[in-house]
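Novice:
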Amino acid sequence: GENVEQHPSTLSVQEGDSAVIKCTYSDSASNYFPWYKQELGKRPQLIIDIRSNVGEKKDQRIAVTLNKTAKHFSLHITETQPEDSAVYFCAASNNNAGNMLTFGGGTRLMVKP
Amino acid sequence: NAGVTQTPKFQVLKTGQSMTLQCAQDMNHEYMSWYRQDPGMGLRLIHYSVGAGITDQGEVPNGYNVSRSTTEDFPLRLLSAAPSQTSVYFCASTRDYPYGEQYFGPGTRLTVT
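Read top to bottom, the protein sequences are chains C and W. According to the working numbering, the first sequence is numbered sequentially starting from 1. According to the working numbering, the second sequence is numbered sequentially starting from 1001.
#1: On a CA-only basis, which of W:Asn1028, W:Thr1055 and W:Glu1072 is nearest Asn1065 of chain W? Give me that one, please.
#2: Is the Cβ of Ser74 of chain C closer than 8 angstroms to any Cβ of chain W?
#3: Given that Glu1059 of chain W touches chain C, what residues does it touch there, using C-beta distances under 8 angstroms?
#4: Quick one: Cα of Met1041 of chain W to Cα of Trp35 of chain C, how far?
#5: With 9 angstroms as the C-beta to C-beta threshold (strictly closer), list the residues of the segment 1008-1028 of chain W near chain C in chain order.
#6: Considering only residues of the same chain and omitting the five flanking positions on each side of Val87 of chain C, which have a CB-CB separation below 6 angstroms?
#7: Helix, strand or coil for Glu131 of chain C, going by three-state DSSP, please let me know.
#8: Hey, out of C:Ala19, C:Ser74, C:Gly104 and C:Glu15, whose CA is closest to Glu2 of chain C's CA?
#9: Along the segment 1050-1081 of chain W, where does the CB come closer than 8 angstroms to a CB of chain C? Name the residues.
#10: Name, in chain order, the residues that DSSP records as bridge partners for Pro113 of chain C.
#11: Between Leu7 of chain C and Ala70 of chain C, what straight-line distance do the alpha-carbon atoms span, to the nearest angstrom?
#12: Looking only at its chain, what residues have a beta carbon closer than 6 angstroms to the beta carbon of Thr1071 of chain W, apart from the 5 residues adjacent to it on each side?
#13: What does Glu1114 of chain W touch in chain C if you count any residue whose Cβ is under 8 angstroms from its own?
#14: Since His1029 of chain W is in the beta strand (DSSP E), which residue starts that stretch and which ends it?
#15: Measure the alpha-carbon distance for Val111 of chain C versus Lys58 of chain C and round it to whole angstroms.
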C-alpha cells in the first residue's frame, strides 16, 4: 500500500519568515495530494490540494508543489503569522488504492512573534 | 447544517469493555471514514464506506467493526477494548471522492485503562 513520509516533524520559524514542509510517497499511481491543518484541540481542515496533472498551486500565502518523478510534494507558507501555528498533515491517494487516503505523520509548525 | 457530528467527546473504558462511537453527517455525502490519531503517526484509516450498505477495511481495522445502514450514520464499534486503542478518533465524510475535501467531525478522545 501507499506510504507517506513527512519532514520535519517540528518546525520553528520567526514571524514573517517562510516555512517549507516536505512529503514523499511510495505509490506512483497516487494522483491526489491534499494538505490539512489542525489547530490545537480542533479537527483537521483542508487548506490546499493538488492533483497530479499540475506541478504547482497557490492560494494567497500558501503554495504546494509536486514532483511526480521524484514522488515528493511540498507545502510552502510565506510571510508566516502566529495564527499559522498548528500541525500540518500531507496525504496521498489514488482511485485504484481501495479508496484510501494515506496521511503523513504531521509537522508541528510554531511561528514565534 | 451541523456538518459531521460525533458522540461522545470523551470516553474512558476498562480493558475488555465494548462501546460504539457515533458519527453522523447531514451533507448527504456518500463517502464516510473513520481515522485514529496517535502522536507522531498522523491519521490512520480504520474503516470506510462508499455508500449505504458498503463498508471496507482501511489500514488498521483490527478490533473495530462498522456498519452503514443509512447515508447519514456511520458508527464505529470497539468489540473488546484494549489499551492500544487509546487514541483520538475522527469521523470524516466527503462528497467528491477521491478528490474532495474530507470534512472531519470534532473527534472522540478515548482512553482504555
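We put the beta carbon where it would ideally sit given N, CA and C, even for glycine. Since this is a predicted model, take the numbers as computed values, not measurements.
Specialist: Quick look at the numbers:
#1: Your numbering for residue 1065 of chain W matches position 65 in the second sequence. For Asn1065 of chain W, the nearest C-alpha among the options comes from W:Thr1055.
#2: As a first step, residue 74 of chain C must be located in the first sequence, where it is residue number 74. No, because no Cβ of chain W sits closer than 8 angstroms to the Cβ of Ser74 of chain C.
#3: Mapped onto the second sequence, residue 1059 of chain W falls at position 59. Residues of chain C passing the Cβ test: Gly1, Met100 and Thr102.
#4: Numbered from 1 along the second sequence, position 41 holds the residue referred to as residue 1041 of chain W. Numbered from 1 along the first sequence, position 35 holds the residue referred to as residue 35 of chain C. Straight-line Cα distance between these residues: approximately 15 angstroms.
#5: none
#6: One-based indexing of the first sequence puts residue 87 of chain C at position 87. Counting only Cβ-Cβ distances below 6 angstroms, and skipping sequence neighbours, we find Gln38, Gly106 and Arg108.
#7: This structure cannot speak to residue 131 of chain C, because chain C is shown only from 1 to 113.
#8: Here residue 2 of chain C corresponds to residue number 2 of the first sequence, with the count starting at 1. With distances taken between Cα atoms, Glu2 of chain C lies closest to C:Gly104.
#9: Val1050, Asp1056, Gly1058 and Glu1059
#10: Your numbering for residue 113 of chain C matches position 113 in the first sequence. DSSP output for Pro113 of chain C lists no bridge partner at all.
#11: Along the first sequence, read from residue 1 onward, the residue named residue 7 of chain C stands at position 7. Along the first sequence, read from residue 1 onward, the residue named residue 70 of chain C stands at position 70. Sequence inspection shows His at residue 7 of chain C; the Leu mentioned does not correspond to that position. Cα-Cα distance, rounded: 15 angstroms.
#12: Locating residue 1071 of chain W in the second sequence gives position 71, counting from the first residue. Once the five neighbours on either side are set aside, the close Cβ partners of Thr1071 of chain W are Ala1052.
#13: The structure shown does not extend to residue 1114 of chain W, since chain W is modelled only from 1001 to 1113, so the question has no answer here.
#14: As a first step, residue 1029 of chain W must be located in the second sequence, where it is residue number 29. No beta strand (DSSP E) contains His1029 of chain W, which DSSP labels as neither H nor E.
#15: Walking along the first sequence from the start, residue 111 of chain C turns up at place 111. Walking along the first sequence from the start, residue 58 of chain C turns up at place 58. Each residue's alpha carbon lies about 21 angstroms from the other.
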